[in-house]
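A.B. asks: Structure below; questions to follow.
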Amino acid sequence: MPGIACLSIRTLSSLAKPMGFSRTITATGGVGWVQRQSATISGQLLLVLDGDIPKVQGETFCPVQMARKLTHESTKVGGGTLFSVATVFACQEFESWLIAGIESLAGKSLEDGRRGVEPGTRAPDQNLEATPRNAKEWLRKVMASGYNPTRDQALLTKMVDLQLISQRMRSFRRLESAISTIVTAVRNESSMVSPDYLTSPTHQSGISHTPPL
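Residue numbers (my numbering): 3 to 215.
What follows is the structure in structure tokens.
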């Protein structure tokens, strides 16, 4: 049965620096999971990270380039051979996706009985990939009891209309594509990395590469 890794990664910089992926996997206890993939059909690692970062290691942040860099780092610890890796950046934050589907949450109570998003709340009539900045604060202002990521993120995610988010957010469609690619790898009993980190036609033998959406 395919293995699934859920790792707590505090900072993007810990992954992005040279051999940072390897060190992060080790520090979060994921090294044992990586080693076990050699005895399974295929392991899967989906990285979903916030993209509200102005600079990483002194360079202007680009989600596509950073995703490719993380993909490259993952191959040093078995990405694409022992397990599959797909990297997705939410633009700007995970909560930006919730805002894109906010109409489907408005006026509904949360699973724990609390009032959730105030009735009549609508998403900003702007490019939701770029605004509003500080999406968590935006949610705090439109929720009856405020917004706390630890308490509310999972509850809202269960309720939100994913199709509505997909219609509005390219970064969310990238997530859907990444999941589809991973599922295909499982069905084919293979391993892959996405997005493709290579800039030339030459690629490593035995590693399947897929481009970003």
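Ideal Cβ positions, reconstructed from N, Cα and C, are used throughout, including at glycine.
This one's a predicted model, so the numbers in the text were calculated from it and none came from an experiment.
Alpha carbons only, please: which of E131, M145, K138 is nearest the one belonging to G122?
C.D. replies: For the purposes of this step, residue 122 is taken as residue 120 along the sequence shown, with counting starting at 1. Selected option, being the one with the closest Cα: M145.
A.B. asks: Less than 9 Å between the beta carbons of D154 and A92, yes or no?
C.D. replies: Locating residue 154 in the sequence shown gives position 152, counting from the first residue. Locating residue 92 in the sequence shown gives position 90, counting from the first residue. It is not a contact, given that the beta carbons lie outside the stated cut-off.
A.B. asks: DSSP on I27, reduced to helix/strand/coil?
C.D. replies: As a position in the sequence shown, residue 27 is number 25, starting the count at 1. The predicted position of I27 is uncertain, since its pLDDT is 48 and thus under 50; a value taken from the coordinates is nonetheless stated next. If DSSP states are grouped into helix, strand and coil, I27 belongs with the helices.
A.B. asks: Could you give the first and the last residue of the continuous beta strand (DSSP E) run that contains V90?
C.D. replies: Within the sequence shown, the letter at position 88 stands for residue 90. First-last of the beta strand (DSSP E) with V90: 85 to 92.
A.B. asks: State buried or exposed for S76, treating a residue as buried only when at least 16 other CB atoms are found within 10 Å of its CB.
C.D. replies: Counting from one through the sequence shown, the residue named residue 76 turns up at place 74. Classification for S76: buried.
A.B. asks: Given M171, which residues of its chain have a CB within under 8 Å of its CB, disregarding the five upstream and five downstream residues?
C.D. replies: As a first step, residue 171 is located in the sequence shown; it is residue number 169 there, counting from the start. The answer, listed in chain order, is C93, S98, W99, A102, L130, E131.
A.B. asks: Using only CA atoms, which one of Q67, V90, I104 lies nearest to I167?
C.D. replies: For the purposes of this step, residue 167 is taken as residue 165 along the sequence shown, with counting starting at 1. Per the Cα distances, I104.
A.B. asks: What is the C-beta distance between S86 and R117, in whole angstroms, given that I count them as a contact (C-beta under 8 Å)?
C.D. replies: Taking the sequence shown and counting its residues from 1, one reaches residue 86 at position 84. Taking the sequence shown and counting its residues from 1, one reaches residue 117 at position 115. Incorrect: roughly 40 Å between the Cβ atoms, too far for contact.
A.B. asks: Quick check on this structure: which residue in Y199, S192, P197, D198 has the alpha carbon closest to the alpha carbon of T83?
C.D. replies: Against the sequence shown, residue 83 aligns to sequence position 81. Closest by alpha carbon: S192.
A.B. asks: For L49, which three-state DSSP category applies?
C.D. replies: By 1-based counting over the sequence shown, the position of residue 49 is 47. L49 falls in the strand class under three-state DSSP.
A.B. asks: Just list the residues that DSSP pairs R117 with in beta bridges.
C.D. replies: Indexing the sequence shown from 1 puts residue 117 at position 115. Looking at the DSSP assignment, R117 forms a beta bridge with S111.
A.B. asks: Out of curiosity, what's the CA-to-CA distance linking P56 and T62?
C.D. replies: For the purposes of this step, residue 56 is identified with residue 54 of the sequence shown, where counting begins at 1. For the purposes of this step, residue 62 is identified with residue 60 of the sequence shown, where counting begins at 1. Using only the alpha carbons, I get a separation of about 6 Å.
A.B. asks: On the CB-based measure, 16 or more other CB atoms within 10 Å of its CB, does K71 come out buried or exposed?
C.D. replies: To locate residue 71, count along the sequence shown from 1; it is residue 69. Flag for K71 reads buried.
A.B. asks: Please classify R176 as buried or exposed, where buried requires at least 16 other C-beta atoms within 10 Å of its C-beta.
C.D. replies: Locating residue 176 in the sequence shown gives position 174, counting from the first residue. Counting Cβ neighbours within 10 Å, R176 comes out buried, since at least 16 surround it.
A.B. asks: Between K78 and V195, what straight-line distance do the alpha-carbon atoms span, to the nearest angstrom?
C.D. replies: Looking up residue 78 in the sequence shown gives position 76. Looking up residue 195 in the sequence shown gives position 193. Distance between the alpha carbons of K78 and V195: 12 Å.
A.B. asks: Quick one, are the C-beta atoms of S179 and P65 less than 9 Å apart?
C.D. replies: Reading the sequence shown from its first residue, position 177 is the one you call residue 179. Reading the sequence shown from its first residue, position 63 is the one you call residue 65. No.
A.B. asks: Three-state secondary structure (DSSP) at E61?
C.D. replies: Locating residue 61 in the sequence shown gives position 59, where the first residue counts as 1. Of the three classes helix, strand and coil, the one that applies to E61 here is strand, per DSSP.
A.B. asks: Is V195 helix, strand or coil by DSSP?
C.D. replies: Position 193 of the sequence shown, counted from the first residue, corresponds to residue 195. Strand at V195.
A.B. asks: Once you ignore the five residues that flank P151 on each side, which residues in its own chain have a CB closer than 7 Å to its CB?
C.D. replies: Translated into the one-based positions of the sequence shown, residue 151 becomes position 149. Once the five neighbours on either side are set aside, the close Cβ partners of P151 are K138.
A.B. asks: Compare the C-alpha of G81 against each of L48, S111, M68, Q67 and name the closest.
C.D. replies: Translated into positions along the sequence shown, residue 81 becomes position 79. The option with the nearest alpha carbon to G81 is L48.
A.B. asks: Going by alpha carbons, who is nearest to A125 out of S111, D114, W140, G115?
C.D. replies: The residue labelled residue 125 in the question sits at position 123 within the sequence shown. Ranking S111, D114, W140, G115 by Cα distance to A125 puts W140 first.
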